[in-house]
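Going by my numbering, the sequence shown opens with residue 9, and the numbers climb by one from there.
Note that the Cβ used here is the ideal one computed from N, Cα and C, for glycine as well.
Before any comments, here is the structure.
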Amino acid sequence: MTKGSADSVPSLGATSPRRVLLTGFEPFDAESLNPSWEAVRALDGWQCEGATVHSRRISCVFGASLRELDAAIDELRPELVLCIGQAGGRSEITPERIAINIDDGRICDNAGCQPIDQPVIAGAPAAYFSTLPIKAMVRDLRLAGVPAAVSNSAGTFVCNHLFFGLMHRLASKAHGGEQRIRGGFVHVPYLPEQAVRFPSAPSMAMESIVRGLRIMIATALSVHEDVQLGGGQLH
Ligand code: PCA
């Protein structure tokens with residue numbers, strides 16, 4: 009896939025094709041698969057609301073993951089970027105509310121790096137909110153029978169790293185016009201074949217995760233101002 013020149017890079021103009029960039033992660037932490045990539049790859053080429061989904065796999069590596077995401081955005085010029093990751097132990101699909109400017113690895117990434125208390129981007133703001141309609145996404149998932157909840161922490165590992173880098177890029181004036189690209193992050197549970205190795209760990213079937221991704225993409229493409237619905241937590 010070639011990276012276009014300034015002339016050939018597709019713009020966000022009314023006549024250019026509508027694209028959604030959907031990313032999932034490679035396996036990490038001794039897993040042989042990652043449900044985020046397994047579900048994301050199933051939707052490559054899917055058409056929704058006049059837009060086409062483009063699926064990309066991202067390395068579970070601090071730094072490299074962001075460079076891969078940047079390259080995919082440069083290549084595709086999507087109107088919507090939805091990054092998906094695995095959150096083992098969660099029972100629901102969880103759109104993330106907020107990305108924070110901290111790397112604090114409890115485990116090493118796939119390149120053997122474990123940054124502790126480092127900023128994702130030095131000098132950048134402490135946090136960014138998702139620009140996805142997270143409450144509407146949770147509403148629509150639940151209406152379709154898919155367990156879902158807003159999450160107020162994407163952790164401090166590579167998922168939060170990618171989420172923060174995405175939101176910093178989209179908010180940055182250096183990338184003029186990208187304020188129009190909306191984006192955010194969603195964590196998904198283990199697949200059943202992963203959860204069997206961890207007694208009592210919750211899981212979600214692949215069909216439900218893929219159905220959940222379809223619902224969230226459709227909602228994000230059609231809802232531009234989020235709904236006000238309860239979704240907070242006491243702690
Ligand atoms: N989950 C990890 C990184 C990659 C993934 O799928 C996380 O939550 O940070």
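Beta-carbon proximity check, residue i vs residue j, cutoff 7 Å
i, j, result
"Ile189", "Leu178", "yes"
"Ile115", "Val196", "no"
"Asp117", "Val158", "no"
"Phe137", "Ala162", "no"
"Ala8", "Ile223", "One cannot answer for residue 8 here, as it falls past the ends of the chain, which runs 9 to 243."
"Phe251", "Ala107", "Residue 251 lies beyond the residue range present for the chain, which begins at 9 and ends at 243; the question has no answer from this structure."
"Gly1", "Cys167", "With the chain covering only 9 through 243, there is no way to say anything about residue 1."
"Gly113", "Phe165", "yes"
"Ala47", "Leu221", "yes"
For residue i: DSSP bridge partner residues
i, result
"Gly53", "BP columns for Gly53 are empty, so no partner."
"Gln241", "The partner list for Gln241 (beta bridge, DSSP) is empty, contrary to what the question assumes."
"Ala156", "Ile101"
"Leu178", "Leu178 pairs with nothing; no bridge assigned."
"Gln236", "In DSSP, Gln236 forms no bridge with anything."
"Ala132", "None; Ala132 has no bridge partner."
"Ile106", "Phe137"
"Gln126", "Asp111"
"Phe33", "Ile66"
Reference residue i, options the options, closest by Cα
i, options, result
"Ile110", "Pro133, Ala119, Leu90", "Pro133"
"Gly97", "Asp234, Ile223, Ala226, Ala209", "Ala209"
"Leu199", "Arg27, Asn42, Ala135", "Asn42"
"Ser99", "His243, Ala47, Ser211, Arg219", "Ser211"
"Trp54", "Arg26, Arg65, His176", "Arg26"
"Arg64", "Gly58, Cys56, Ala79, Val128", "Ala79"
"Ala156", "Ser73, His176, Glu104, Arg205", "Glu104"
Which of helix, strand or coil DSSP assigns to residue i
i, result
"Gly173", "helix"
"Asp111", "strand"
"Arg75", "helix"
"Arg116", "For the sequence presented, residue 116 should be read as Cys rather than Arg. Here Cys116 sits in coil by DSSP."
"Val28", "strand"
"Cys91", "strand"
"Ser44", "helix"
"Arg65", "strand"
"Ala59", "strand"
"Glu83", "helix"
Any non-hydrogen atom of the ligand GDP within 6 Å of residue i CB
i, result
"Asn109", "With respect to small molecules bound, the structure shown includes the ligand PCA and not the ligand GDP."
I'd like the ranges of any beta strand (DSSP E) spanning at least 3 consecutive residues and lying wholly in the region 180-231.
190-196
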